[in-house]
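Notes follow the structure.
Chains as they are written, first to last, in the working numbering: chain R, 1486 to 1818; chain U, 1486 to 1818.
This is the structure we're talking about:
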């Protein structure tokens, strides 16, 4: 059995779609138990709409909610009875294997590190979402947990990312690239220039060299390593360019009677195409390297993303990701 | 009369499309004279295909070509008779007002700074392309000229970008945003945190605060300020996500007979929509802050981009961009 604490109060669609996604997850898999953390009366009212195996669902009352705009460090320290803090303590004390939240990214990241804690030897836990590419997905690591990283951090991101892609996505010997502004080794900023030769020396990493941003959507690397500021820009621009382009395509189709008729015909095919390029389809982003699993979903996550993310927690445990990280990166001190 | 030196040997489509674009530019405007720099026999053969006013076109022989893969500093130093070096000296000695090249970005950037030289007071000349947005264009500055910038550089980028957008694009009081990973002032890496309050204090800049990458395509800022590594990632990801998404949309339309029929009907409308989101449509990227104008087009530039870029040089001179930069940023030493 895998126990997953879910923040019932976080994100734009809480609690309605969070609760719905949790119900769908337990109905889809008997090996999962969800602990819905948040305001009990609200959660219970939502739950009353559905049928599910009662032994797979528990409500844990938390009277406070951390808002997205709150400064994260202060919020984690002060709101001891918030859904995020309570759920993180459930991962820390081992009663839950994982925590899923659509709430404040800052609070989840800070809380994950402060409350759940890092695996000994992991210098910085990176946030690592899957992003859609032409033929599948790539892991973008790091993407918002720690800005101004050092080369040693990027090496660890490459190792953890490789473990994740190999174990969860079944990609043997995943190709690791470093985000750069040119293909040659001498290109880049100080961080990339320093990291490049170190990555080349890692015998356990299938390092393919620099990856230009232009080639990321084509899927040239399975693990795309970068510092968090750059990673965050990549992730958000992916969403932004996609959204604007789709809006323009749709608008363009409405410009003449001829194209309007055509739009009716292409609509179903277009819909499934665009879904395959929607970052939400690939579940939440794990914060790797913690003593437990913490997953951040989009603030706008709907029940599909919540369900998929909860189900991913099962794979994460079964594939013993944390044991593998501990083995490769762990130290005794 | 505006004299424009054009690198006839640079880029994927040289010399054929470069020469064609130059001819189209002089045929479109009587106030332009183009100096085609490169291998004379080849250029003359291309020119013989067209009719144009001979007083508006001159060929300047250069026996060498700098290849894209060559280390730029060395190439500029050694290949004195290359089209890039010769053309840059024509800007330096005042016989030309501007230089346009689709060749090696590194060589153009290094050569621009070393040969043409910076306006006194400008610390670093940024590369500033226009990028398409939902309703128009934004200026992305800096985008590949200098990585690991300092706050004072970013302030100058904001000033030069404002001058450019106001004078060339006619946008009164252009909105300036700094690329960041969150909307709040306390967010960001060390560089952004240090730059933010300084930008806020600039009375002559219409600073609107942080801009998240997600919102750039929506056109929330007219001038998007960032350090060159991040800017390069943004520019190239724009192209990459766009290309992959369009490929997917086209592929998706071919999945059924119904959608294939629809595709035929939407094709013309879709084509013009996608053109408006093509970075090539907006001409080359100027390297701002030099004692003359140096413009880098895409390596894959076709005759349309060459023509548009040459015509832009006219606006640049008429609007006295360099005089305005000198006035705002210039110093005597």
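Beta carbons: idealized from backbone N, C-alpha and C, even for Gly. Owing to the predicted nature of the structure, the values given are computational and were not obtained by experimental measurement.
Residue pairing of residue 1543(R) in beta bridges, as defined by DSSP: 1520(R).
Using a Cβ-Cβ cut-off of 7 angstroms, residue 1740(U) is close to 1754 of chain R, given in chain order. Its chain contains 1586, 1587 and 1588 as the residues whose beta carbon lies nearer than 6 angstroms to that of residue 1495(R), once the 5 sequence neighbours on both sides are disregarded; these appear in chain order. An exposed status is given to residue 1757(U), since fewer than 16 other beta-carbon atoms sit within 10 Å of its beta-carbon. Pairing residue 1551(U) with residue 1592(U) gives a Cβ-Cβ distance under 8 angstroms. At a cut-off of 8 angstroms between beta-carbon atoms, residue 1764(R) makes no contact with chain U. Nearest to residue 1487(R) by C-alpha distance, out of 1515(R), 1610(R), 1815(R) and 1701(R), is 1515(R). Taking the Cα of residue 1739(U) as reference, the smallest distance to any Cα among 1751(R), 1741(R) and 1739(R) is reached at 1751(R).
Straight through space, the alpha carbons of residue 1569(U) and residue 1541(U) are spaced by roughly 21 angstroms.
The contact set of residue 1723(U) on chain R, defined by CB atoms closer than 8 angstroms, consists of 1722 and 1726 in chain order. Identification of chain R residues near residue 1696(U) by a Cβ-Cβ cut-off of 7 angstroms yields none; the smallest Cβ-Cβ distance measures about 10 angstroms. Pairwise C-beta distances place the segment 1671–1681 of chain U out of contact with the segment 1590–1609 of chain U, as fewer than three of them are shorter than 8 angstroms. Taken in chain order, the unbroken stretches of beta strand (DSSP E) that lie wholly in the segment 1611–1663 of chain R and span 3 residues or more are 1615–1617 and 1622–1626. CA-to-CA, the gap between residue 1636(U) and residue 1676(U) works out to about 6 angstroms.
Shown here, residue 1587(U) sits in coil according to DSSP, grouped into three states, outside any helix or strand.
Contact between residue 1731(R) and residue 1759(R) holds: their C-beta atoms lie close to 6 angstroms from each other, under 8 angstroms.
Counting the other Cβ atoms within 10 Å of the Cβ of residue 1554(U) gives fewer than 16, which makes it exposed. Per DSSP, residue 1490(R) is one residue of the beta strand (DSSP E) stretching across 1487–1492. Residue 1639(U) places its beta carbon less than 8 angstroms from that of residue 1710(U). Between residue 1694(U) and residue 1662(U) the beta-carbon gap is near 6 angstroms, inside 8 angstroms, which marks them as a contact.
With contact defined as three or more Cβ pairs closer than 8 angstroms, the segment 1518–1532 of chain R and the segment 1615–1624 of chain R are not in contact. In this chain, residue 1576(R) is not harboured by any beta strand (DSSP E); it is covered by the alpha helix (DSSP H) spanning 1568–1577. For residue 1693(R), there is no enclosing alpha helix (DSSP H); the residue is found in the beta strand (DSSP E) stretching over 1691–1697.
For residue 1623(U), none of the residues of chain R pass the 9 angstroms Cβ criterion, the least Cβ distance being about 12 angstroms. In the DSSP assignment, residue 1772(R) forms a beta bridge with 1612(R) and 1779(R). The beta carbon of residue 1704(U) sits closer than 7 angstroms to those of 1618, 1619, 1620, 1621 and 1623, all from its chain and outside the five residues before and after it, given in chain order.
For residue 1734(U), the enclosing alpha helix (DSSP H) covers residues 1713–1738. Residue 1665(R) sits in a strand when the DSSP states are folded into three classes. Contact annotation: residue 1544(R) and residue 1529(R) have beta-carbon atoms nearer than 8 angstroms.
Separation of the CB atoms of residue 1644(U) and residue 1690(U) is rounded to 7 angstroms, and the pair is thereby assigned contact status at 8 angstroms. Within the DSSP bridge table, the entry for residue 1603(R) names 1775(R) as partners.
For residue 1709(R), the enclosing beta strand (DSSP E) covers residues 1708–1710. Contact annotation: the segment 1774–1791 of chain U does not touch the segment 1801–1810 of chain R, with fewer than three C-beta pairs closer than 8 angstroms. At the C-beta level, residue 1707(U) and residue 1771(U) stay beyond 8 angstroms of one another. For residue 1642(U), no CB of chain R lies under 8 angstroms from its own CB, so it is not counted at the interface with that chain. If you draw a straight line from the Cα of residue 1722(R) to the Cα of residue 1665(U), it comes to about 12 angstroms.
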